[in-house]
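Take the sequence shown: its letters are residues -24 to -1, 1 to 484, numbered as in mature numbering (1 follows the signal peptide of the UniProt record, and there is no 0). Backbone N, C-alpha and C fix where the C-beta goes; we use that ideal spot for every residue, glycine too. Please read these numbers as outputs of a predicted model, since none were measured by experiment. Below is one structure; the comments refer to it alone.
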Amino acid sequence: MTVLTKIVCHVLCGIVLVCAHAQAADAPPLWAQVNRITWGVTPQELRHAGELGWDAYLDAQLEPDSAATLPADVQMRIDALSISRIDSTRAYRAQVERQIEIRELPTEQRVEAARANRKTAATRLNEAGQRTAWRALYSPNQLHEVMTWFWLNHFSVYAPKGNIGTLVSDYEEHAIRPHALGKFRDLLRATARSPAMLLYLDNARNIKGRLNENYARELMELHTMGVDGGYSQRDVQELARVLTGLGVNASGKPLKLSAAQRGALVEDGLFQFNPARHDNGAKAILGHRIEPGGMDEIDAVLDILARHPSTARLISRKLAQYFVADRPSQALVNRMAQTFLESDGDIARTLRTMFDSAEFAASLRTGKFKDALQYVYSSFRLAYADMPPIRNVQPVLLQINRLGQGLARRITPDGYPMAQSDWAGSGQMTARFDAARVISSERGRLYIDTSDAPRPELPAASRLVDAYGREGGPFACLAPATLKAIEQAANVPDANALLLSSPEFMRR
């Protein structure tokens, strides 16, 4: 039986290997706490947390310092991306104008012209992925980065639909990121005003007299109350009526409205609330009578949904599933939901209730299986922790896409799944082992870019198993079989690939 075959067996058989000291009733080790709330513990991150202590470190992560910066070289590369220089409104409208022009081209030219026009969406989506990866790898506000992804997945959009890929960078930057640790109500309102969401779930086509219930249904089922949240089909229909007129002004041309309608018009970039398309009749949702009120009416209904007990339970359960266990205890979910309701949907306070819980501490003793994104980011963070910042993150994105968790690539609106059963199949494990080999052995590609800057001198590869020393950190308690495999590796890259492929590293 080969080393990799044995590792596959360990992972797929669900073998959980924990340190003896982690099984004790005392507090879990700091590295395990840090590892769970970040994109992967590194020696530097652990040292920083140790200087602060767990409580102060957690406080700093829950209330991130807005002045904290990325490494200068990383920020420079983000600033050079087209998404940092050309906003989504301008890029999207240019695509729409070009689509109109393409219709007038000779038939033989249309296909190539359309392909070139669609490339804008692909390029901007790729750049959004680059920015996300750099932040995940190097931001000091690690929990904020994790929660930004969590909400991107919760309020999922599908980039290949139409030209939504053009809008993903703006969606992440302005609808999700500012509210990732804030109030859920503000997050819900921001996503409801996002062109990416309104186009993906077809609310741009939802007008009075011709209802499209798609967004209304997913808003209740996936974003807030949950499928068992206590609403009816009638509530969905009434919510769809409330949401009429909420859409996108792709052309940028002014609307022809009456004086009264102009007063109710709301526009912000591509976002548009068109009162001429809005159903101004009275509605009834979840026992609440909704009086006509244009955009204020929509915000009032979103507040009702955000503050509903079913929403508190859904959000609390989903957070606990991501950070604690695939099947969190109802007691933990109830305590989190109570905090959510008492704090008016304060995400950071709800997280604090979870992180302070006995259930969270207990989960650190066994670990939680990593999804593909957690695996890739944690691998790169560890493998390149003592090297200059990565210049070219395309290889990072390549591994994320190969493992099946690319940015805005989930076709259904439920987002990527979070359970171990969804990420521990034999095909996924084989792909991870290949990724581990690439991450450990192909360093040069990460430092190739198009600039004239000289390639940095990289230190000799060191064994990752020794990164924390022998006395502490996550590798102090590797199973004898894992240690033996690493010790017998032919060279350092092979040893590191075996560590990144180990059952222990598959858990966080």
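When the options are compared against residue i, the one with the closest alpha-carbon
i	options	result
residue 368	424, 194, 165	424
residue 302	349, 343, 395	395
residue 166	268, 188, 184, 195	195
residue 289	21, 308, 272	308
residue 187	451, 213, 202	213
residue 134	456, 388, 470	388
residue 220	295, 300, 272, 204	272
residue 374	352, 318, 393	352
residue 140	149, 174, 111	174
residue 116	404, 72, 47, 126	47
residue 60	149, 23, 28	149
residue 55	354, 399, 103	103
residue 332	26, 38, 22	38
residue 455	299, 474, 443	474
residue 34	328, 383, 376	328
residue 151	379, 138, 124	124
residue 128	164, 110, 99	164
residue 228	415, 392, 248	248
residue 156	284, 324, 253, 80	324
residue 322	298, 335, 297, 283	283
residue 184	251, 414, 380	251
residue 49	365, 463, 85	365
With 16 other Cβ atoms within 10 Å as the buried cut-off, status of residue i
i	result
residue -1	Model confidence at residue -1 stands at a pLDDT of 48, short of 50, so the residue's coordinates are unreliable; what they give is reported in the following sentence. So residue -1 ends up on the exposed side.
residue 9	buried
residue 460	exposed
residue 486	Residue numbering for the chain in the displayed model covers -24 to 484; residue 486 lies beyond these limits and cannot be assessed.
residue 202	buried
residue 418	exposed
residue 339	buried
residue 95	exposed
residue 258	exposed
residue 58	exposed
residue 76	exposed
residue 145	buried
residue 306	exposed
residue 121	buried
residue 312	buried
residue 108	buried
Enclosing beta strand (DSSP E) for residue i [first to last residue]
i	result
residue 260	259 to 261
residue 133	From DSSP, residue 133 is part of no beta strand (DSSP E); its letter is neither H nor E.
residue 345	Careful: residue 345 lies outside any beta strand (DSSP E) and carries neither H nor E.
residue 24	Premise fails: residue 24 lies in the alpha helix (DSSP H), 19 to 28, not in any beta strand (DSSP E).
residue 244	242 to 244
residue 266	264 to 266
residue 105	Unbroken run through residue 105 is the alpha helix (DSSP H), 83 to 114; no beta strand (DSSP E).
residue 222	222 to 224
residue 247	247 to 249
Proximal residues to residue i (C-beta, below 7 angstroms), its chain only, five neighbours per side dropped
i	result
residue -10	Note that residue -10 scores a pLDDT of 43, beneath 50, so its modelled location is shaky and nothing firm can be said.
residue 17	7, 10, 11, 450
residue 470	none
8 angstroms Cβ shell around residue i - same chain, five flanking residues per side excluded
i	result
residue 246	64, 65, 68, 69, 143, 171, 224, 225, 226
residue 483	-9, 342, 343, 344, 345, 346
residue 444	7, 19, 22, 450, 451, 452
residue -14	Because residue -14 carries a pLDDT of 45, less than 50, the predicted location of this residue cannot be relied on, and the following value inherits that uncertainty. Only 400, 405, 479, 482 meet the Cβ criterion.
residue 161	278, 279, 282, 283, 320, 321
Integer Cβ distance of residue i from residue j, believed to fall under 8 angstroms
i	j	result
residue 132	residue 390	7 angstroms
residue 569	residue 278	Outside the displayed range of the chain (-24 to 484) lies residue 569, so it cannot be described from this structure.
residue 71	residue 361	In fact, because the Cβ distance is near 40 angstroms, the residues do not count as touching under 8 angstroms.
residue 216	residue 180	That belief does not hold up - the Cβ atoms of residue 216 and residue 180 are roughly 13 angstroms apart, past 8 angstroms.
residue 295	residue 326	7 angstroms
residue 15	residue 97	That pair is no contact at about 26 angstroms.
residue 74	residue 93	5 angstroms
Nonlocal neighbours in the same chain, by C-beta distance under 6 angstroms from residue i, ignoring five residues either side
i	result
residue -4	Reliability fails at residue -4, whose pLDDT of 43 lies under 50, so the model's placement of it is uncertain and the value that follows must be treated cautiously. If we look at residue -4 and ignore the five residues flanking it on each side, it has no Cβ neighbours.
residue 466	none
residue 44	116, 117
residue 190	177, 178
residue 392	129, 381, 386
Segment limits, alpha helix (DSSP H) that includes residue i
i	result
residue 277	271 to 282
residue 403	402 to 417
residue 306	306 to 318
residue 464	Where residue 464 is concerned, there is no enclosing alpha helix (DSSP H), given that its DSSP letter is neither H nor E.
residue 160	160 to 168
residue 299	285 to 299
residue 10	6 to 13
residue 211	209 to 218
residue 191	190 to 194
residue 374	370 to 378
residue 323	323 to 331
Cutoff 8 angstroms: residue i Cβ touching any chain D Cβ
i	result
residue 78	Of the chains in the structure shown, none is chain D; there is only one protein chain.
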